[in-house]
Structures are given as C-alpha cells and as structure tokens.
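**Q** Sequence positions in the sequence shown follow my numbering and run 123 to 474.
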Amino acid sequence: MLSWTCDEVGDSPRIWQRLGVACSWRYSRRVNSLPKVLFTLNVPREHLSPLDGVAELLLPNRHEWNALPKADLFSLLRDCEAFISQGEVRANAELLDAAPRLRMVANAAMGVDNLDLEELTRRGIQATNTPDAFAESTADLTLGLILSVTRRIAEGDRFIRTGEWGKLGMQPLRWEGSLVGGKTLGIIGYGRIAKLVEKRATAFGLNVIHTRQRNDDHPQCRSFKELLAESDLVVALVPLTDSTRHMIDAKALAAMKPGAVFINVARGKVMDEAAVVEALRSGQLAGAGFDVFEEEPVVHSALFEMDQVVMTPHLGGATEEERQIGRREAAEEVARFLRGEPVRNPVNEPKR
Numbered sequence: 123m124l125s126w127t128c129d130e131v132g133d134s135p136r137i138w139q140r141l142g143v144a145c146s147w148r149y150s151r152r153v154n155s156l157p158k159v160l161f162t163l164n165v166p167r168e169h170l171s172p173l174d175g176v177a178e179l180l181l182p183n184r185h186e187w188n189a190l191p192k193a194d195l196f197s198l199l200r201d202c203e204a205f206i207s208q209g210e211v212r213a214n215a216e217l218l219d220a221a222p223r224l225r226m227v228a229n230a231a232m233g234v235d236n237l238d239l240e241e242l243t244r245r246g247i248q249a250t251n252t253p254d255a256f257a258e259s260t261a262d263l264t265l266g267l268i269l270s271v272t273r274r275i276a277e278g279d280r281f282i283r284t285g286e287w288g289k290l291g292m293q294p295l296r297w298e299g300s301l302v303g304g305k306t307l308g309i310i311g312y313g314r315i316a317k318l319v320e321k322r323a324t325a326f327g328l329n330v331i332h333t334r335q336r337n338d339d340h341p342q343c344r345s346f347k348e349l350l351a352e353s354d355l356v357v358a359l360v361p362l363t364d365s366t367r368h369m370i371d372a373k374a375l376a377a378m379k380p381g382a383v384f385i386n387v388a389r390g391k392v393m394d395e396a397a398v399v400e401a402l403r404s405g406q407l408a409g410a411g412f413d414v415f416e417e418e419p420v421v422h423s424a425l426f427e428m429d430q431v432v433m434t435p436h437l438g439g440a441t442e443e444e445r446q447i448g449r450r451e452a453a454e455e456v457a458r459f460l461r462g463e464p465v466r467n468p469v470n471e472p473k474r
C-alpha cells in the first residue's frame with residue numbers, strides 16, 4: 123500500500139521518508155529516471171557536463187567522423203526528450219516522427235538551416251543554437267582564405283606536392299600574387315563574425331567597409347550595390363534567409379570590380395554557384411575562396427580545375443577550443459529547458 127501511494131501520488135520527500143523503506147526505494151528510482159538526451163557524435167562526456175544530474179546522456183558507440191546512419195539515429199532518438207547535434211542532423215518531419223518524446227533540439231552550431239523550424243514549431247518542440255560560439259574560428263578562416271587566394275598559397279602547395287617544382291625549377295615570375303594592404307575589403311553583413319574579421323583585416327592594412335544595418339550611418343557603411351562597386355575583396359557573412367538566398371548572383375557579380383576576389387564563409391546558398399563559376403571563367407573574378415557550397419558535399423565540378431579557387435570542407439568553426447565551447451553552451455541550453463527555465467538562444471517559438 124505504501125509503495126502504491128508513493129508511486130501514484132506526488133508526495134514531497136519529507137512525507138516519503140515517513141512512509142518507510144519501500145517508499146524510499148521507489149522515490150530513489152523516480153529521481154534516477156532522468157530524461158534521455160542524445161548527442162549525435164561521439165565526443166568526450168566532459169564537454170557536456172552541464173547535463174550531469176539533469177539528464178541521462180546518450181553518446182553513439184562509434185568513432186567515425188561521419189554522421190550517424192539514419193537507422194541508428196532514429197533508434198537512439200526513440201526515447202529521447204532532447205538531442206544536440208553540430209548541424210549535421212536534419213531535424214525534419216521524418217526524424218520527428220521517429221522521436222515521439224522529443225521536446226527540444228539544440229544545435230551546437232551557428233546556423234539552423236538543418237532544422238525544419240516550421241515543423242518543430244508546429245509540434246511544440248523548442249529549438250536553439252549557439253550563435254557566438256564559433257565566431258573567432260570563422261573569422262580566422264576568413265582571413266586564411268583571403269591570404270591563400272591573394273598569395274596563391276594553396277596553389278603553391280599543390281605545385282610542390284605534385285613534383286612540378288622539382289621538374290620545372292623556381293619560375294619566379296609565376297608566383298606573383300597580390301598584396302592585401304591598401305585594398306578595400308567589403309563585408310556583406312555586420313554581425314559578430316564580421317566585426318572580428320574587420321579587426322583582423324585592419325591589422326593587415328585593409329580598408330574595411332560593410333553593408334548598412336538598419337539606420338546605421340557609420341562612415342564605413344555602404345549599400346549593397348555601393349559595397350560591390352568599391353571592394354577589391356568581397357566577403358559574405360550573412361545568415362541564409364529568403365532575402366539572402368542567391369544574393370550573390372550574376373547581377374551582383376557583374377556589379378563587382380573586374381578582378382575582384384569573392385570569399386564565402388556564410389552559407390552555400392547565399393551564392394549562385396554556377397554564376398560564380400562563370401565569373402571566374404570570364405575573369406570578372408580573379409579568385410575565390412569557399413568554405414561552403416550550394417549542395418554540400420557536392421561541389422560544382424568546374425571548381426576542381428580552377429587554380430585561383432581555394433576550397434575548404436565547411437570547417438569555419440572547426441577548432442577544438444570553440445567546438446568545446448559550442449557543445450557546452452548547447453548542453454547548458456538543454457539543461458535550462460529540462461529544469462523549466464527559459465532558454466537563451468531560441469530560434470523558434472513553439473506552440474505549447
């Protein structure tokens with residue numbers, strides 16, 4: 123009788139203690155029945171320590187770099203109330219159907235284009251991201267791509283690795299690149315990453331301008347059209363929205379200075395990849411650097427043959443230090459949610 127009373131009625135711990143040993147055991151069992159939370163990659167548990175005592179953390183028992191196979195992912199999600207990914211998992215209707223207990227999705231990433239926010243909202247599932255966790259890493263990579271393109275670093279590396287240097291000799295005139303000091307860098311967008319890029323670029327002697335934000339009258343602000351016309355180098359640093367999709371199209375590329383360099387570390391669909399290829403072929407663009415592509419991991423085949431193009435596999439935020447920060451911040455969001463506290467970086471307003 124006592125066991126039934128404690129299990130079925132939400133009595134306080136003080137009352138449970140008075141009811142005896144049997145009830146104490148049942149109370150202990152309920153306390154230890156924590157909600158399950160899946161992190162979709164095999165990472166050290168200490169990166170997710172905010173979940174200690176709040177949730178039962180599930181990690182896949184595998185060490186491959188790739189995302190979990192769909193069948194394994196769906197099986198693990200069956201009893202989970204939340205999951206955290208680094209943006210490699212698509213939270214769409216198919217996945218949500220396989221996770222009937224799911225109440226929250228946390229992206230340990232800045233972008234949210236892997237999340238079907240409309241479907242999550244309709245089902246009452248909270249979604250969050252970590253908008254500031256990877257800014258320093260992405261800013262570093264942006265400058266790295268700029269220098270690699272303008273100083274032909276990646277091209278020179280290939281020249282040595284393929285044995286051409288040993289066969290052909292120094293060829294001093296072949297490797298003339300371009301100084302960045304004194305050039306104008308136009309940044310499309312002016313969020314945290316853009317400000318960090320500006321700080322780094324200024325140290326290299328670049329003159330930085332950026333697109334206007336609302337009523338911003340700063341002397342470095344330009345309209346989109348003005349920025350394209352004035353910049354020697356153009357960097358895309360905007361989120362993917364309906365208004366930014368294919369904003370770098372044939373018309374925008376034609377509005378750039380002849381011989382400009384274009385860098386995309388934002389989202390692949392911000393650019394019309396085919397139009398960028400044509401601008402590179404014609405010489406309208408002298409070079410380009412891409413960390414993102416329209417249909418990742420598929421890349422326009424023509425880019426493989428272009429020495430003036432430097433490409434990286436969407437590794438903008440991939441530093442050990444900031445990945446750990448992002449995982450911890452995502453875990454903190456899940457812990458807040460499970461404790462009934464407001465989340466700090468919501469990306470939707472789910473119906474309750």
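We put the CB at the ideal spot given by N, CA and C, even for glycine.
Mind checking which residues open and close the beta strand (DSSP E) that includes T306?
**A** Note, T306: beta strand (DSSP E), T306 to I310.
**Q** Between which two residues does the alpha helix (DSSP H) harbouring I69 extend?
**A** This structure leaves residue 69 out entirely; the chain is present only between 123 and 474.
**Q** Taking the CB atoms as reference points, tell me whether V420 and M433 lie closer together than 9 Å.
**A** Here V420 is not near M433, since their CB atoms are 9 Å or more apart.
**Q** Do T250 and F459 have their beta-carbon atoms positioned less than 9 Å apart in this structure?
**A** yes
**Q** I need the boundaries of the alpha helix (DSSP H) containing A276, first residue and last residue.
**A** I275 to R283
**Q** Measuring straight from C-alpha to C-alpha, what distance separates G132 and P157?
**A** Unreliable placement is indicated for G132, whose pLDDT of 37 sits below 50; the coordinate value is still reported in the next sentence. Roughly 18 Å separates the two Cα atoms.
**Q** How close, in whole Å, do the beta carbons of I206 and V469 come, if the pair is a contact with beta carbons under 8 Å?
**A** Going by Cβ atoms, the distance from I206 to V469 rounds to 14 Å, so no, they are not a contact pair.
**Q** Ignore the nearest five residues each way along the sequence and tell me which others in T264's own chain have a CB closer than 7 Å to its CB.
**A** V319, V357, I385 and V387
**Q** Determine the DSSP secondary structure at P472, reduced to helix, strand or coil.
**A** coil
**Q** Ends of the beta strand (DSSP E) at A382?
**A** Where A382 is concerned, the enclosing beta strand (DSSP E) starts and stops at A382 to N386.
**Q** Using 8 Å as the cut-off, can you tell me whether the stretch 244-262 makes contact with the stretch 401-409, which would need three or more C-beta pairs spanning the two stretches below that distance?
**A** no
**Q** Which value, in whole angstroms, describes the spacing of the CA atoms of K473 and S197?
**A** Put simply, the backbone Cα of K473 is about 26 Å away from that of S197.
**Q** What is the DSSP secondary structure of I370, counted as helix, strand or coil?
**A** In the structure shown, I370 falls within a strand segment according to DSSP collapsed to helix, strand and coil.
**Q** Which residue wins for smallest C-alpha separation from I309, given the options V302, K317 and G303?
**A** K317
**Q** Cα-Cα, which of R314, G439 and T324 is closest to K305?
**A** T324
**Q** Give me the Cα-Cα distance between L350 and P191, rounded to the nearest whole angstrom.
**A** 42 Å
**Q** Measure the beta-carbon distance from A453 to L173 and round it to whole angstroms, keeping in mind my assumption that it falls under 8 Å.
**A** 5 Å
**Q** Give the secondary structure of R213 by DSSP, where H, G and I count as helix, E and B as strand, and everything else as coil.
**A** The question names Arg, but residue 213 in the sequence shown is Ala. In this structure, A213 counts as strand in the three-state DSSP scheme.
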